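These notes are about the structure you will find just below.
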Amino acid sequence: MRRPKGRQPASARHPQSAVGVAGAQGTGDKKQAAVERNSGTFRFWHDERRFKGGADKCLVQQALFAAGGVRTGGYPKAAPISGPLGCQRLSDWDMLWSPARSALRAVPFLKPGQLVSAVPGMYSLTKKRRLSSTLSAAYGEHAWQLVPQSYSLPAELQQWRAWLDEQAAAGSDPGPWMLKTAQHLGKGLVLLPGEAAYTAAQQPRLPSAKPFVLAQRYVANPLLINGAKFGIRLWLLVTGVDPFTTYLHREGLVLFSTDSYDMDSLSDDEGAAARGHITNYAQNVNGTVWNLDMLKQHLGAGPYKQLWSQLVSSAAHVACAALGDVRTEHRKSAVPPNATFELLGLDYLVDGAMHPWLLEVNGTPSLAVEHGDAPVEQLIHSTKNAMVKDMVGILNCQQRFLARYGQQQPGQKLPPQTARRLQTSLGKDDEALQRKRVEAELKHRGGFLPLMAHYPVAKAMSCCCSMFVMTVTGIAESS
Numbered sequence: 001m002r003r004p005k006g007r008q009p010a011s012a013r014h015p016q017s018a019v020g021v022a023g024a025q026g027t028g029d030k031k032q033a034a035v036e037r038n039s040g041t042f043r044f045w046h047d048e049r050r051f052k053g054g055a056d057k058c059l060v061q062q063a064l065f066a067a068g069g070v071r072t073g074g075y076p077k078a079a080p081i082s083g084p085l086g087c088q089r090l091s092d093w094d095m096l097w098s099p100a101r102s103a104l105r106a107v108p109f110l111k112p113g114q115l116v117s118a119v120p121g122m123y124s125l126t127k128k129r130r131l132s133s134t135l136s137a138a139y140g141e142h143a144w145q146l147v148p149q150s151y152s153l154p155a156e157l158q159q160w161r162a163w164l165d166e167q168a169a170a171g172s173d174p175g176p177w178m179l180k181t182a183q184h185l186g187k188g189l190v191l192l193p194g195e196a197a198y199t200a201a202q203q204p205r206l207p208s209a210k211p212f213v214l215a216q217r218y219v220a221n222p223l224l225i226n227g228a229k230f231g232i233r234l235w236l237l238v239t240g241v242d243p244f245t246t247y248l249h250r251e252g253l254v255l256f257s258t259d260s261y262d263m264d265s266l267s268d269d270e271g272a273a274a275r276g277h278i279t280n281y282a283q284n285v286n287g288t289v290w291n292l293d294m295l296k297q298h299l300g301a302g303p304y305k306q307l308w309s310q311l312v313s314s315a316a317h318v319a320c321a322a323l324g325d326v327r328t329e330h331r332k333s334a335v336p337p338n339a340t341f342e343l344l345g346l347d348y349l350v351d352g353a354m355h356p357w358l359l360e361v362n363g364t365p366s367l368a369v370e371h372g373d374a375p376v377e378q379l380i381h382s383t384k385n386a387m388v389k390d391m392v393g394i395l396n397c398q399q400r401f402l403a404r405y406g407q408q409q410p411g412q413k414l415p416p417q418t419a420r421r422l423q424t425s426l427g428k429d430d431e432a433l434q435r436k437r438v439e440a441e442l443k444h445r446g447g448f449l450p451l452m453a454h455y456p457v458a459k460a461m462s463c464c465c466s467m468f469v470m471t472v473t474g475i476a477e478s479s
């Protein structure tokens with residue numbers, strides 16, 4: 001019996017996709033031919049099976065097609081076999097779009113000029129038990145102005161016990177605590193009073209239950225809108241390591257809990273945190289969703305401006321805290337210059353005093369668009385799609401890969417010696433090239449706000465080379 005090739009009907013394929021064509025999962029030479037045949041300017045691999053939803057609705061794939069990309073790999077979900085991942089076919093793409101876990105497997109083998117959707121070292125923020133320790137190591141007690149007091153479990157049980165004892169000695173109420181597992185989508189959350197939470201964190205769990213990895217002090221005075229709690233999802237983009245370039249998009253989503261907020265009801269009948277305390281969309285499907293303009297209209301221009309300023313400052317501090325781990329991991333893997341980027345989802349809660357609290361940093365944030373109410377679905381689509389288009393724009397996908405093909409413009413035929421010189425330049429990393437990269441990012445950033453001008457002063461020099469610090473004022477003015 002012949003092995004199935006996972007072929008798609010021609011009518012089901014985008015004209016710029018070589019996926020599903022006989023032999024399309026073959027060698028780099030075949031992929032190059034696909035680029036030329038489809039008049040694309042770069043090749044991208046989309047690990048479709050690793051994402052939620054089908055490729056036909058993938059906002060990133062649509063944006064890459066629009067930028068001139070040709071999809072050369074990633075087996076469709078409908079294919080009868082799973083096929084290889086992008087990290088197993090490095091010669092077949094210029095850009096890899098894959099969740100961080102699988103994308104990182106490609107990093108040690110990257111060639112100059114390739115781009116992958118994961119930044120080594122970002123786990124220091126995206127791992128639930130690592131976020132608080134990373135911020136604490138960077139900022140000491142000030143970390144607890146960025147995130148609620150948190151303890152990694154089980155490593156910091158003794159520190160948590162000492163804190164609870166201090167509160168008891170002072171006659172202070174420790175308040176409720178949220179116990180978190182490593183699960184996503186709002187799963188595995190338990191909300192209990194301080195002592196009860198500490199006891200629960202020590203007790204053995206059923207084999208079917210995931211262990212708790214974090215205890216986080218609950219923000220018990222959230223700002224409510226129409227009696228409901230809400231959270232804010234923002235997107236942070238990391239585009240370079242030296243200088244450390246990060247951007248926060250001006251668009252975002254406001255996600256509401258479907259149940260009213262009630263401090264007298266912390267848990268549901270099964271012991272999980274009651275839904276009135278959870279704003280994660282997966283736990284509030286088809287719930288109320290706003291964009292940031294709607295939040296601004298509700299709060300008023302003045303209060304919203306103050307809140308946004310605090311969000312920008314918080315995001316800049318959070319990004320800077322990861323720099324040490326990021327640079328260490330890049331050195332370990334000998335990553336070529338400008339070879340990595342990563343999109344992160346920042347989840348904030350706003351308290352009654354209008355102070356934003358970072359609850360989590362999500363690697364590979366959901367870009368799915370789904371809602372039972374068509375107008376709300378359109379709002380979600382327009383918000384996420386604008387951000388994704390700006391992400392592809394700031395990465396300069398239409399131009400950045402041309403040198404890999406010995407070109408300065410699409411389709412350009414250069415003398416062999418000039419083409420080779422362009423290809424050789426991809427492995428170089430000097431101040432002039434980095435300045436050029438940053439200038440291009442600022443030119444094409446769309447709705448992304450450069451965070452570099454908002455880095456804490458004490459860390460600005462370590463985040464950026466001297467050239468970059470000299471131009472930070474210009475960046476601030478351009479934002």
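Read in order, the letters of the sequence shown correspond to residues 1 to 479 in UniProt numbering.
For each residue, glycine too, the CB sits at the ideal point set by N, CA and C.
This one's a predicted model, so the numbers in the text were calculated from it and none came from an experiment.
Could you tell me the alpha carbon to alpha carbon distance between residue i and residue j, rounded to whole angstroms?
i: G175; j: K187; result: 22 Å
i: V438; j: P84; result: 34 Å
i: Y247; j: P120; result: 18 Å
i: V361; j: T126; result: 5 Å
i: A301; j: G113; result: 44 Å
i: D165; j: Q149; result: 15 Å
i: F212; j: T134; result: 19 Å
i: Q145; j: Y139; result: 10 Å
i: L192; j: S314; result: 27 Å
i: H317; j: H454; result: 8 Å
i: V326; j: V107; result: 13 Å
i: F256; j: L359; result: 15 Å
i: D293; j: A200; result: 41 Å
i: P303; j: M95; result: 41 Å
i: L64; j: V70; result: 8 Å
i: A66; j: L253; result: 24 Å
i: N38; j: L223; result: Residue confidence for N38 is low, a pLDDT of 48 falling below 50, so the modelled location carries little weight; the figure read from the coordinates is stated next. About 52 Å.
i: S260; j: S102; result: 39 Å
Who does residue i pair with in a DSSP beta bridge?
i: T340; result: V116
i: F448; result: H249
i: P356; result: V350
i: G345; result: W235 and N362
i: N291; result: L253
i: Y455; result: DSSP output for Y455 lists no bridge partner at all.
i: S152; result: L214
Should residue i go down as buried or exposed, given a rule of 16 or more other Cβ atoms within 10 Å for buried?
i: I81; result: exposed
i: H277; result: buried
i: F109; result: exposed
i: A273; result: buried
i: R400; result: buried
i: M452; result: buried
i: R161; result: exposed
i: R251; result: Here residue 251 turns out to be Glu, not Arg, going by the sequence shown. With 16 or more other Cβ atoms within 10 Å, it is buried.
i: G227; result: exposed
i: M354; result: exposed
i: L295; result: buried
i: H142; result: exposed
i: R331; result: exposed
i: N221; result: exposed
i: K77; result: exposed
i: S136; result: buried
i: H298; result: exposed
i: M263; result: exposed
i: L266; result: buried
So, under 8 Å CB-CB, residue i and residue j are touching, yes? Tell me the CB distance rounded to an integer number of Å.
i: T258; j: N284; result: 5 Å
i: Q398; j: G68; result: 5 Å
i: L349; j: W357; result: 5 Å
i: L157; j: Q202; result: 7 Å
i: P365; j: L379; result: At roughly 17 Å, the Cβ-Cβ gap does not stay under 8 Å, so P365 and L379 are not in contact.
i: L237; j: M391; result: 6 Å
i: A118; j: T340; result: 6 Å
i: A215; j: L179; result: 6 Å
* To do: Jot down the residue ranges of each uninterrupted beta strand (DSSP E) in the segment 217-281, minimum 3 residues, whole runs only, in chain order.
  => Here the runs fully enclosed are 228-241, 244-249 and 253-256.
* Asked: Fully enclosed by the segment 162-221, which beta strand (DSSP E) runs are 3 residues long or longer?
  -> Within the segment 162-221, the complete beta strand (DSSP E) segments of 3 residues or longer fall at 176-181, 190-193 and 212-217, listed in chain order.
* Fully enclosed by the segment 83-149, which alpha helix (DSSP H) runs are 4 residues long or longer? -> 100-103, 123-126 and 128-139, all fully within the segment 83-149.
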